[in-house]
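Reviewing the structure listed below.
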Amino acid sequence: MWNSMMTHMDGYGWDHMFFGGIMMILFWGGIIAFVIWLFRSSGQDDNPRGGFYRRTNALDLLQERYARGEIDKQEYEERKRDLTP
């Protein structure tokens, strides 16, 4: 009985177990990579430079402050002159 089972299993031995394990790792790695990519790409709608964090330069911050009404036009123009070469 044991001998007939081993002859039947010869075609499906260690090589199938090895490649099956690799395929499972690749499958789950692909799923995890896809979820990470999906999470990262969802934060790029308002940020043309991409990534999670929005990096702005000083002129962009100045324009935002002026748009929010934190500074008046005179202060905006003065600081804009200081920032532009």
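The working numbering puts the first residue of the sequence shown at 44, with every later residue one more than the last. Note that beta-carbon positions come from the ideal geometry of N, C-alpha and C, so glycine has one too. This structure is a prediction, so every number in the text was calculated from the model and none was measured.
Beta-carbon spacing of residue i, residue j below 8 Å
i      : j      : result
Leu104 : Tyr119 : no
Rounded Cβ spacing between residue i and residue j (contact assumed at less than 8 Å)
i      : j      : result
Leu126 : Ala110 : Incorrect: roughly 16 Å between the Cβ atoms, too far for contact.
Cβ neighbours of residue i in the same chain (closer than 7 Å, five flanking residues each side left out)
i     : result
Trp71 : none
Same chain, Cβ closer than 8 Å to residue i, five either side skipped, listed in chain order
i     : result
Met44 : Residue placement at Met44 is flagged as unreliable, the pLDDT there being 49, under the threshold of 50; a coordinate-derived value is accordingly withheld.
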